[in-house]
Amino acid sequence: MSDLQKDLVLSSNEYSYVLDQTKGFISCLVGPTKMSLSQSDSLVTFNTHTKKFESCSYGEAIKLLTICPENWYCILKNPTKDNKHPAPGASNVLPDTMEIGKKINIMGPVAFALYPGQMAKVVRGHALRSNQYLLARVYEANAANNSQGEIRNADGELVETTKTNYVNGQILVIKGTEVSFYIPPTGIEVIPVDNNDKNGYIREAVTLERLEYCILKDEDGNKRYVHGPQVVFPKPTETFVTSPKGGFIFRAVELSKISGIYVKVIAEYKDVDSAGKEIVHPVGEELFITGNDQMIYYPRPEHAIITYDGKMMHHAIAIPEGEGRYIMNRLTGEIKTVKGPQMYLPDPRLEVVVKRKLSRRQCELMYPGNKEALAYNEQLSERAVEKAAKNSMSFMDELTAFSINSSINDTLANLEAKANISRGTSYTKPRTITLDNKFDGVVTTDVWTGYAVNVISKDGTRKVVCGPQTVMLDYDQTLEELQLSTGRPKTTDNMIHTCFLRHENNKVSDLIHVETKDFVRCSIKVSYCVDFDKKYQDKWFNVDNYIKFMCDRERSLMKKAVKNYTIEELNQNYVDIIRNVAINKKDYSKESNADKNEHKGRFFAENGMYVNDCEVLSLHIEDEDIAEMLVDHQREIVKKSLQLSAADKRVQVAEKLTVAEKKENKLKSDKLINKMNLQREEAIRTLEIQTEVNRKKEAEEEAAAKAKKELQTVLDLIGDAERARKDKDMKQEIAFKQELANIEQAKQKAYADTVSAIMGAVSPDLVAALTANANSDMVSALEHAVAPYAIAQGEESVADVVARLTKGLPIEEAIEKLSKTKKV
């Protein structure tokens, strides 16, 4: 630590060890706190590997608290008796109650600092699936019996553990089917998968499906076989046996009626047969189990599978029709012949399949010149077999030795760990163990599609066989030989010898030399398509060289036909001329039914062959000058033909341009006419719309006039009734006023003269003004009364309505004067 940094500051989740160099005491300083270090104080850390305190720097001295979350647990070594931890915010000295060498498990959640010398490891709680398990070891039985961890069942519920008398060193298996979450109590530790804890603590159980099994080997050497489907957990003293393919799962042996396995009983056991009878299998008994006994075989601890050269399964031998096998009884030496067709499964306990060895003399007689057959039989000699066996082991040891191993899987690296007895090949397969059909079986030949062979017997019978099929020859039967010409033109200089006839889609090519009418020599290359009529199948092999026969006939006919044409005619039509001759093309409509040929081609009645098509490949003129002249002539014809074709194309272009121009003008005219028609239709639609609008307007005006007329009648009646009512009211008022006037007249008669004198003094203008004022009030009242009527009429003003209603009345003159006054 540097001189400048003398203060140790710790946060709430940190702690450090401080060594007093004068006394040797080590204190644990837990945050949050601050400590000023003296010259005698030194920061140290505890090395868990060497178990020593080592000086360290400031950064290395500060450590985080041991934090154990929920569902975790802490393994604490060297705890205190009262399980106390350093107090936070203070300097803690090493207590005297530490139990050195002990170990306890503390369940979370918890966080604490470690005293000097303590060691802690935080481990996640073990969550198990149903196919997982843990291995735990009891290291302190008393503590394990008196403490309790956290155990939850498959439903996640806490399980109350009952007290168990644990023993130190006892191994426990914690199964996922019983416990879903496990935290060990003090005294029990979970064993990691490996020593480095890299793969954790949880182990995978073996999940078996149907037709699967596993093998568990106990410490005492016994084995336990478990069949699927199920989840397999080992016992504390058991381990899974590993299969050769890796993993712990083995496949059951699937058997059928034509397969089986050979086992030896290595421990006595009892079994029940299909009839329900109990059977005792003694030690040393050999069994051959086939699909007739059981279709699925699971190995047993009492069985050891016997293998031959690492092969466990025994399969039946396919013996086809017309073939056979030699079967030897291992106990009596008797050999029997088993003939086909059948699938024969020999019992390895009693039977061995053997083969026959031919001597050199026999091979030379039966297969003259066949070196392969001779070499094959020499390899089967006993000395050759013994010489080959010396490289690995003696021949006698290979015949008789076998080993028995108590463990099936320890000796079956290549056999799915299902056998533990091995026997040499030579024991069950002596030097004549297999019959090779290539030399000892029936002579067969494959006839392919489109081919045929003629099988001839010594008694003179013949049979034509068409492919695809396989022909098995009897002892006295052979195949007829054909000799076919080759080359162009076809000759007999180099012929092909074969027994196969191509009777469908046969291609034959030839080169024919001909001479024209004008003595020009030519060569024509052709390719014939030849078929054979199945109705004449018995004649197919009547001609041994059918290619020469056909080509000679066709060549002769073509030479005759070409002699009728000049070289120019032949050069122009040689394909049709040659093809018509080759396939004998005729006008069938002109033939009679009796002469009509059923084959569409040239037919050869001698062997049922007919040419159904001919491809003329080329024509070669042997005289080069004539060929050049024909080429020049042809070139000139082609040139003139091209000029004529160009002229025709120009005329066609001009005609097409004229037609296009006419079409363009017509399109323009049609466009203008269409536009005028559209305008006319638009004008007609506008006129129709305007007519309909006018008609509706006239109808509305007529209806308005009618309504006005009807309203006028109603108004007249209203006006008459109003006037009658007003006249009546006025008459009544006049009568009332007359009476009052009479009263007043009598009352004021006395001063009538005085009034008359006063009135005489009043000027005419004053009288007129008073009269006008009275008339104005009356007209305003009248306008107010008729205003609703004028509004209903809509065309006349209120003044006009008043004038019209008062026409002929005494008030008419006053209204007219008043109106004139207002205008002025």
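For the sequence shown, the working numbering gives the first residue as 583, with consecutive numbering after it. No residue lacks a Cβ here, since even glycine has one placed at the ideal position from N, Cα and C. The structure presented is a predicted model; accordingly, all values stated were derived computationally and were not measured.
Integer-rounded CB distance, given that residue j should sit under 8 Å from residue i
{"i": "isoleucine 608", "j": "tyrosine 599", "result": "6 Å"}
{"i": "valine 1029", "j": "valine 1037", "result": "10 Å between Cβ atoms; not a contact."}
{"i": "leucine 1199", "j": "valine 1108", "result": "6 Å"}
{"i": "histidine 863", "j": "tyrosine 880", "result": "16 Å between Cβ atoms; not a contact."}
{"i": "isoleucine 770", "j": "alanine 702", "result": "With a Cβ gap of about 17 Å, isoleucine 770 and alanine 702 do not count as contacting."}
{"i": "arginine 806", "j": "glutamate 786", "result": "Not confirmed; about 18 Å, so no contact."}
{"i": "proline 668", "j": "alanine 695", "result": "4 Å"}
{"i": "leucine 1152", "j": "valine 1144", "result": "6 Å"}
{"i": "methionine 1140", "j": "valine 1112", "result": "With 8 Å as the limit, methionine 1140 and valine 1112 do not qualify as a contact, their Cβ atoms being about 16 Å apart."}
Chain C contact for residue i (CB, 8 Å cutoff)
{"i": "proline 923", "result": "In the structure shown, chain C cannot be found, because there is only a single protein chain."}
Beta-carbon proximity list for residue i, same chain, < 8 Å, skipping 5 on both sides
{"i": "alanine 693", "result": "Asn595, Leu647, Thr648, Ile649, Cys650"}
{"i": "glutamate 681", "result": "Asn660, Pro661, Thr662, Lys663"}
{"i": "glycine 782", "result": "Pro774, Val775"}
{"i": "tyrosine 1033", "result": "Cys1048, Gly1049, Phe1082, Leu1083, Arg1084, His1085"}
{"i": "asparagine 727", "result": "Lys745, Thr746, Asn747, Tyr748, Gly769"}
Same chain, Cβ closer than 7 Å to residue i, neighbours up to 5 away in sequence not counted
{"i": "methionine 895", "result": "Ser841, Ile843"}
{"i": "serine 593", "result": "Gly613, Pro614"}
{"i": "cysteine 796", "result": "Val788, Leu790, Val808, Val814, Phe822, Phe830, Ile831, Phe832"}
{"i": "isoleucine 644", "result": "Leu592, Glu596, Ser598"}
{"i": "histidine 1202", "result": "Cys1104, Ser1105"}
{"i": "lysine 1011", "result": "In this prediction, lysine 1011 scores a pLDDT of 44, lower than 50, which makes its location untrustworthy; the coordinate-derived value is nonetheless stated afterwards. Cβ neighbours of lysine 1011 beyond the five flanking positions: none."}
{"i": "threonine 604", "result": "Ser622"}
{"i": "arginine 907", "result": "Ile899, Ile901, Val920, Tyr926, Val935, Leu1017"}
{"i": "lysine 1290", "result": "none"}
Beta carbon of residue i nearer than 8 Å to that of residue j
{"i": "alanine 886", "j": "isoleucine 848", "result": "yes"}
{"i": "asparagine 1194", "j": "isoleucine 1165", "result": "yes"}
{"i": "threonine 1148", "j": "threonine 1068", "result": "no"}
{"i": "leucine 716", "j": "isoleucine 765", "result": "no"}
{"i": "glycine 758", "j": "glutamine 730", "result": "no"}
{"i": "alanine 900", "j": "methionine 925", "result": "yes"}
{"i": "proline 1050", "j": "threonine 1031", "result": "yes"}
{"i": "tyrosine 1110", "j": "cysteine 1048", "result": "no"}
{"i": "arginine 792", "j": "glycine 803", "result": "no"}
{"i": "leucine 913", "j": "isoleucine 871", "result": "no"}
{"i": "asparagine 653", "j": "glycine 690", "result": "yes"}
{"i": "glycine 1190", "j": "phenylalanine 1131", "result": "no"}
{"i": "aspartate 1126", "j": "leucine 1064", "result": "yes"}
{"i": "glutamate 903", "j": "glycine 922", "result": "yes"}
{"i": "leucine 1093", "j": "methionine 1077", "result": "no"}
Span of the beta strand (DSSP E), counted from its first residue to its last, around residue i
{"i": "isoleucine 686", "result": "685-689"}
{"i": "valine 525", "result": "Within the shown structure, residues of the chain are numbered from 583 to 1406, placing residue 525 beyond reach of any answer."}
{"i": "arginine 734", "result": "732-734"}
{"i": "tryptophan 654", "result": "654-659"}
{"i": "glutamine 714", "result": "714-720"}
{"i": "valine 934", "result": "933-936"}
{"i": "isoleucine 843", "result": "841-847"}
{"i": "serine 622", "result": "Premise fails: serine 622 is in no beta strand (DSSP E) and is neither H nor E."}
{"i": "isoleucine 1078", "result": "1073-1080"}
{"i": "tyrosine 597", "result": "596-602"}
{"i": "methionine 925", "result": "924-926"}
{"i": "alanine 900", "result": "899-901"}
{"i": "aspartate 800", "result": "794-800"}
{"i": "glutamate 1086", "result": "Here glutamate 1086 belongs to no beta strand (DSSP E), and DSSP marks it neither H nor E."}
Cβ neighbours of residue i in the same chain (closer than 6 Å, five flanking residues each side left out)
{"i": "glycine 699", "result": "Asn660"}
{"i": "glutamine 1119", "result": "Val1046"}
{"i": "leucine 601", "result": "Ile608, Ser624, Val626"}
{"i": "aspartate 1100", "result": "Thr1148, Ile1149"}
{"i": "glutamate 1204", "result": "Arg1103"}
{"i": "lysine 1244", "result": "none"}
{"i": "glutamate 722", "result": "Gly769"}
{"i": "leucine 869", "result": "Val845"}
{"i": "lysine 1257", "result": "none"}
Residue i, enclosing alpha helix (DSSP H) - first and last residue
{"i": "valine 1163", "result": "1149-1164"}
{"i": "valine 1144", "result": "1128-1144"}
{"i": "asparagine 724", "result": "723-728"}
{"i": "glutamate 643", "result": "A small fix is needed here, since residue 643 is alanine in this sequence, not glutamate. Segment 640-643, the alpha helix (DSSP H) holding alanine 643."}
Closer than 7 Å: residue i CB and nearest the ligand ADP heavy atom
{"i": "glutamate 820", "result": "Absent from the structure shown: the ligand ADP. Ligands present: none."}
*asked:* Does the stretch 658-666 come into contact with the stretch 680-691, if we say contact requires no fewer than three beta-carbon pairs (one atom in each stretch) closer than 8 Å?
replied: yes
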